[in-house]
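Comments concern the structure below.
Numbering (our numbering), first residue to last: 14 to 484.
Given below as structure tokens:
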């Protein structure tokens, strides 16, 4: 039976065991990612029932929210990767030291970023091209989410620590529970009190009727509950990281050596994410003049597409764990094999998902919006994007493997160059004549290019620097 301890103990692993361990870690990570996307589907479909303007308000802020969430998540990875390296080297005491310090640093990071978000929440929708009620709803929606960032950052830390320790099941299960909680909270917060028929019986369902505000509050409430559960399990039940007795009473103040290593790993990832989301925001600015229908169709199509690519991110998380622990154990040949295995698995799964997305695009869009114009335009652009998914998978999973060994600067630069030198110029050129379709053609071309350059780096072997092993 394949187990993460085989890496730490230096046991030999057959190809079958490597594949089994890859599948074992990838499956729950994929489920966790899919549940997150399902939650976005739920929000999008419920808000979509409020009309095109409400949909546009949410769509206008999606790229900005991803920026803030992603920065918080990327910064916590500097601590999670260190934990993977230390556990791979069987240094559990050192791993717990990193965990305690990561808790303090992550909360402070979340609080600082939340403050920045609140300061700009009133003006941001107007900067992005929003007007009137669309901008007002967008501002409120954004403000609620950024208020919760200190807690959400701890959630990112806990999930990353558990996955880097090889525990994919708990984050996966808790993400599914979060999805269910989101359904319940949104149902009662978004819509007003109304009468519905269940098996022929009329029942009055209470509701707060808060609209967009209800959607934000429902999702944040679900995420905060799961953050508390995730932190409790990490600090009390995870065997190799639990903070009990003497360990719980040690210092939580970050020390320079841990912060420097965290910064070395996280800053390139954070910069890359800021640049990526900056590109997404730039695309939003390009799309905004195309009208409410284009804004809403773009937002819904991005959410729909995520169902296809999120399995890749799940496998990428498994790649980070497997490569990180193998690297910490000094097993460099195993690092390479896991990188190739996970990347191949990601490309295979996302190829299948791209076919499904192409065929089911009309149904996917109709779930999220009853407005025919939005659904039809969203279907068209989804079918354009389906062609890029296999190469997108290669870039996602290879990047996860590179992160596992602490190689983040060059891959971040590659992402930067690909997005800003290929996607943005193409989108700006094609949007005036082809509209939203031109923007998505540019995206398809850029993702294909990005996948090819990540495969080139993976096969070059330059990402695996043996002398950089963290002690």
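Glycine included, each C-beta is placed from N, C-alpha and C at the ideal position.
Cα atoms of residue 111 and residue 224: separation of roughly 42 Å, rounded to the nearest angstrom.
For residue 182, the enclosing alpha helix (DSSP H) begins and ends at 182-203. Counting the other Cβ atoms within 10 Å of the Cβ of residue 74 gives 16 or more, which makes it buried. Only buried fits residue 420, as 16 or more other CB atoms lie within 10 angstroms of its CB. For residue 147, the enclosing alpha helix (DSSP H) covers residues 145-160. DSSP, read as helix, strand or coil, puts residue 240 in helix. A distance below 6 Å between beta-carbons, with the five flanking residues on each side excluded, links residue 92 to the following residues of its chain, in chain order: 111, 115 and 275. In this structure, residue 70 places its C-beta atom within 8 Å of the C-beta atom of residue 154. Assigned with DSSP and collapsed to three states, residue 178 falls in coil, not helix or strand. By the 16-neighbour rule on beta-carbons within 10 angstroms, residue 252 is exposed. Inter-segment contact for the region 264-279 and the region 94-110 is present: three or more beta-carbon pairs are separated by less than 8 Å.
Rounded to the nearest whole angstrom, the CA to CA distance from residue 83 to residue 160 is 15 Å. Judged by their CB atoms, residue 36 and residue 181 are not nearer to each other than the 8 Å cut-off. When the alpha-carbon of residue 396 is set against those of 38, 185, 378 and 287, the nearest one is in 378. Inter-residue distance for residue 304 and residue 137 is about 18 Å (C-alpha atoms, whole angstroms). In the DSSP assignment, residue 221 is bridged to 205. Excluding its 5 nearest sequence neighbours in each direction, residue 436 has C-beta neighbours in its own chain below 7 Å: 292, 455, 456 and 459, listed in chain order. In this structure, residue 402 lies near residue 321, with their beta-carbon atoms less than 8 Å apart.
Nearest to residue 42 by C-alpha distance, out of 329, 258, 300 and 66, is 329. Taking a C-beta distance under 8 Å as the contact criterion, residue 99 and residue 341 qualify as a contact pair. The criterion of a C-beta distance shorter than 8 Å is satisfied by residue 235 and residue 195.
Considering only 350, 467, 392 and 474, the residue with the shortest C-alpha distance to residue 20 is 350.
Assigned with DSSP and collapsed to three states, residue 476 falls in coil, not helix or strand. With contacts defined by Cβ atoms closer than 8 Å, residue 464 and residue 405 form a contacting pair. Rounded to whole angstroms, the separation of the alpha carbons of residue 309 and residue 60 is 11 Å.
Using a 10 angstroms sphere on the CB of residue 139, the tally of other CB atoms stays under 16, which defines it as exposed. In this structure, residue 410 sits away from residue 461, with a CB-CB distance that is not shorter than 8 Å.
Taking C-beta separations shorter than 7 Å and ignoring five residues to either side along the sequence, the partners of residue 477 in its chain run 345, 348, 349 and 418, following chain order. Between residue 175 and the set 143, 231 and 250, the nearest pair of CA atoms involves 250. In the three-state reduction of the DSSP assignment, residue 340 falls in the helix class, which pools H, G and I. In terms of CA proximity to residue 367, 318 leads the group 242, 438 and 318. Around the C-beta of residue 412, 16 or more other C-beta atoms lie within 10 Å, and the residue is accordingly described as buried. Counting C-beta pairs with one atom in each stretch, the region 116-131 and the region 166-173 have three or more that are closer than 8 Å, which means they touch. Listed in chain order, the non-local C-beta contacts of residue 398 below 6 Å within the same chain comprise 318, 453 and 457, local neighbours out to five positions each way being set aside. Beta-carbon to beta-carbon, residue 442 and residue 390 are separated by about 20 Å, too far to satisfy the 8 Å threshold. Taking the CA atoms as reference points, residue 239 sits about 13 Å from residue 231.
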